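Beneath this line is the structure, given in structure tokens, with notes to follow.
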DNA sequence: AATGAATGAGTATTCATTCAT
DNA sequence: GATGAATGAATACTCATTCAT
């Protein structure tokens with residue numbers, strides 16, 4: 247009765263905790279051994295729980311990977327909202343600072359843990375058509391965000407007035423993607439990569 | 247014995263032909279239904295051959311996908327060599343023409359048949375670690391080629407002298423990758439994509 | 247300790263009540279969805295109790311179905327004893343009246359609720375050998391009762407003196423069985439069925 | 247080329263043979279251990295084949311039991327057609343002879359191998375609703391046949407003119423059913439059972 | 001050389017039962 | 001006493017691969 251008013255009892259909290267742990271363990275397994283090579287038993291064993299327990303928390307193997315991706319997508323979109331939302335800045339200085347923050351945030355997410363790009367870019371798309379579509383949705387979402395960001399830059403007069411924001415957004419996201427993939431093999435090159443990306447973006451490659 | 251000197255007898259030719267057809271059929275299946283969802287029986291059925299026959303031409307399921315990827319890699323590197331090799335040009339005009347040719351060729355390969363990027367980027371990396379490494383190798387190769395191309399551009403004075411060719415190459419390849427992925431959903435936007443890519447590359451996005 | 251002498255305390259009564267409800271719920275489930283398709287969780291959910299609670303009242307899934315069958319067998323034998331016991335009548339008129347009463351009673355039990363024949367004839371025998379034997383025991387019991395009834399009829403001079411009571415009893419019970427099964431699909435035909443059964447029984451089908 | 251005209255090659259014949267053996271083995275298993283207690287592996291092991299082979303011949307476990315039942319139904323209807331068809335006789339003597347033949351045939355099918363009634367009456371109805379319906383269909387079919395047989399008897403003046411053929415048919419079939427069930431425990435009583443059945447049928451049980 | 005019948009390793013999933021709370 | 005979270009034994013089914021014909 248004391249804490250019955252709170253929406254979460256201790257049992258409920260325990261439950262959410264285990265749910266979280268299962269998602270994490272599944273992420274580990276899928277990223278390390280691959281979705282198809284991972285059995286539910288592997289995920290359960292990693293947590294030291296019975297594999298029947300898994301099915302108390304998730305419908306089936308396909309279900310968990312959706313939640314794993316949800317989780318990653320949440321992390322990424324979290325990095326691109328709030329203070330980093332396209333319209334959260336209004337001066338050039340702020341714009342530049344935001345630009346740097348976004349780069350850093352993405353760099354941290356993708357670069358710190360190579361399992362993130364591995365799962366999202368290498369494992370997920372091959373799971374099935376529905377998942378491939380989810381990843382494409384994610385690219386579309388990212389393109390829309392970047393486009394909004396560019397539009398804002400054009401409005402501020404910071405970027406070229408004739409910029410094709412939509413397609414340029416996709417090109418820039420492609421560069422970020424390339425950085426993420428590079429980081430799978432050469433994590434140490436990430437800073438230089440980001441710098442190169444920024445230079446291409448702002449200055450192009452042509453001699454003046 | 248009579249014709250053992252000749253590299254290819256009629257039987258041998260037949261054999262090579264079927265081998266080729268199996269690779270193509272496997273490509274079709276893998277790209278359309280996915281590697282794991284495709285059975286050897288599906289590939290054989292598409293050709294109207296017995297599925298036992300498959301094993302007379304390829305070791306196993308894993309073997310064939312390697313050959314499918316070989317085939318695609320060959321097509322891509324083919325587009326980037328000969329007249330499009332990094333050092334095949336020596337004037338700015340040639341350099342620009344080559345640049346356009348490469349863009350066109352890649353656009354054709356990736357854009358004309360969405361199954362190519364789908365297999366190479368969405369299916370292959372998730373098959374297993376070895377295949378993921380192959381795809382990363384492919385990215386490295388592409389980066390090396392692009393870097394050589396950029397170096398040449400710098401030497402010619404066409405590109406910025408302080409260009410970080412290695413990392414810029416990866417950024418540019420990332421943009422190409424982004425274009426290829428975009429083409430999965432919006433093939434009609436490809437031309438505009440390429441144009442945006444080129445403008446970013448040569449001019450950057452900043453207002454002057 | 248205080249009321250250990252009394253056979254039923256309030257708690258004990260509660261317990262018996264829930265026990266009864268579990269049996270009924272199990273009967274419902276088994277008859278509607280089938281024994282194998284029914285989970286203990288289904289039975290518990292129907293009562294709104296936790297499925298762990300089930301095991302405080304019954305040993306296991308196999309145990310409960312025994313009790314469900316017990317219950318039905320009790321209902322049936324109840325209809326065939328007391329005033330309907332084979333030797334409860336002594337005149338032809340009483341015999342006839344008893345005959346009608348038995349028919350009515352069985353008709354009510356089997357006909358009113360098709361789940362009774364469904365469980366007893368369709369579900370139970372397939373559960374396992376032991377249960378099949380129980381059902382055969384039930385047939386034997388019914389045959390013995392009917393045989394006693396026929397013997398009595400012979401003694402009263404109401405039935406043919408040369409009647410093979412044992413085997414005729416089984417034949418008659420077979421007809422009742424047939425009626426019960428028919429009622430699964432055509433409950434409305436039950437009265438006509440019973441009439442036809444009686445006519446065959448008493449008059450045969452041959453023209454005179 | 248020699249025998250390519252024949253619809254069945256040796257391979258095809260082999261295939262049909264194994265198919266037949268699987269049905270028989272499944273019948274054995276289902277009748278002896280029960281449908282649910284029987285695994286596909288059991289059926290395969292009984293034949294000394296790999297259990298994967300089973301799936302080359304039947305869709306799934308549910309599929310095979312349908313074929314087993316088909317087989318039994320075929321045997322039974324076979325006994326009730328041709329010379330035993332309701333309208334295959336035209337004189338009283340023939341009618342009686344046919345009656346005896348049918349009794350004999352059914353007695354042989356049900357009595358010789360107790361696994362037949364066990365599977366059909368004890369196992370099949372509890373498998374699932376669809377199978378229960380099949381069994382009810384079988385009862386309906388049998389009732390229709392018996393009714394036709396009785397109608398014919400009425401026309402011939404052999405049976406009571408006021409006979410309720412439909413319901414009487416079901417009563418009679420019930421007696422046959424009773425005999426079949428009895429034979430599970432007392433196969434030796436079958437002849438006496440049949441005789442009692444016939445006497446009830448033709449003469450009734452009442453004293454004259 | 002081609003075939004496809006046979007094979008069985010491998011795996012996702014269910015559900016009766018237990019037991020700590 | 002009641003609960004339901006945890007468990008893992010059990011099993012149907014798939015499909016890559018082999019090999020006799």
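Residue numbers (the numbering used here), protein chains in the order written: chain P, 247 to 454; chain H, 247 to 454; chain A, 247 to 454; chain W, 247 to 454. We put the CB at the ideal spot given by N, CA and C, even for glycine. Here the structure is a predicted model, which is why all the values come from computation and not from measurement.
Rounded separation between residue i and residue j - CA only
i, j, result
"residue 278 of chain W", "residue 361 of chain W", "7 Å"
"residue 346 of chain P", "residue 331 of chain H", "36 Å"
"residue 390 of chain P", "residue 286 of chain H", "40 Å"
"residue 299 of chain W", "residue 290 of chain W", "8 Å"
"residue 434 of chain P", "residue 428 of chain P", "10 Å"
"residue 444 of chain H", "residue 323 of chain P", "28 Å"
"residue 264 of chain P", "residue 315 of chain P", "18 Å"
"residue 372 of chain A", "residue 303 of chain A", "24 Å"
"residue 247 of chain W", "residue 426 of chain A", "Its pLDDT being 44, under 50, residue 247 of chain W is placed unreliably by the model, and nothing is read from it."
"residue 305 of chain H", "residue 377 of chain H", "16 Å"
"residue 396 of chain A", "residue 261 of chain W", "55 Å"
"residue 325 of chain P", "residue 283 of chain A", "49 Å"
"residue 342 of chain W", "residue 402 of chain W", "12 Å"
"residue 442 of chain H", "residue 312 of chain P", "33 Å"
"residue 340 of chain W", "residue 351 of chain W", "16 Å"
"residue 267 of chain A", "residue 259 of chain A", "12 Å"
"residue 381 of chain H", "residue 367 of chain H", "8 Å"
"residue 384 of chain H", "residue 319 of chain H", "8 Å"
"residue 269 of chain W", "residue 365 of chain W", "13 Å"
"residue 308 of chain A", "residue 301 of chain A", "12 Å"
"residue 255 of chain P", "residue 421 of chain H", "50 Å"
"residue 509 of chain A", "residue 273 of chain A", "With chain A represented from 247 up to 454, any question about residue 509 of chain A goes unanswered, as that position is not in the structure."
"residue 451 of chain H", "residue 386 of chain P", "20 Å"
Sequence-distant residues of the same chain with beta carbon closer than 6 Å to residue i, five excluded per side
i, result
"residue 349 of chain P", "440"
"residue 250 of chain W", "At residue 250 of chain W, the pLDDT of 45 sits below 50, so the modelled position is not reliable and the matter cannot be decided from this model."
"residue 338 of chain H", "404"
First and last residue of the uninterrupted alpha helix (DSSP H) at residue i
i, result
"residue 425 of chain P", "411-431"
"residue 294 of chain A", "Careful: residue 294 of chain A lies outside any alpha helix (DSSP H) and carries neither H nor E."
"residue 279 of chain A", "256-279"
"residue 190 of chain P", "Residue 190 of chain P is absent from the structure shown; chain P starts at 247 and stops at 454."
Residues of its chain near residue i, where Cβ-Cβ distance is below 8 Å and the 5 sequence neighbours each way are ignored
i, result
"residue 400 of chain H", "406, 407, 409, 411"
"residue 369 of chain P", "276, 277, 280, 281"
"residue 333 of chain W", "394, 398"
"residue 363 of chain P", "356, 426, 427, 429, 430"
"residue 336 of chain P", "402"
Cut-off 7 Å between Cβ atoms - residues of its own chain near residue i, not counting five sequence neighbours on either side
i, result
"residue 353 of chain H", "436, 440"
"residue 321 of chain H", "355"
"residue 297 of chain H", "286, 287, 290"
"residue 449 of chain P", "none"
"residue 357 of chain A", "429, 433, 436"
Assumed close pair residue i, residue j - CB separation to whole angstroms, cut-off 8 Å
i, j, result
"residue 213 of chain P", "residue 415 of chain H", "Chain P is shown only over 247 to 454; residue 213 of chain P falls outside these bounds and no answer can be derived."
"residue 413 of chain H", "residue 438 of chain P", "5 Å"
"residue 293 of chain P", "residue 271 of chain P", "5 Å"
"residue 417 of chain H", "residue 446 of chain P", "5 Å"
Any non-hydrogen atom of the ligand NAP within 7 Å of residue i CB
i, result
"residue 290 of chain H", "Ligands in the displayed structure: none, and consequently the ligand NAP is not present."
Segments assigned alpha helix (DSSP H), at least 4 residues, entirely inside the stretch 316-395 of chain W:
The stretch 316-395 of chain W is shown to contain whole alpha helix (DSSP H) runs of 4 or more residues at 338-352, in chain order.
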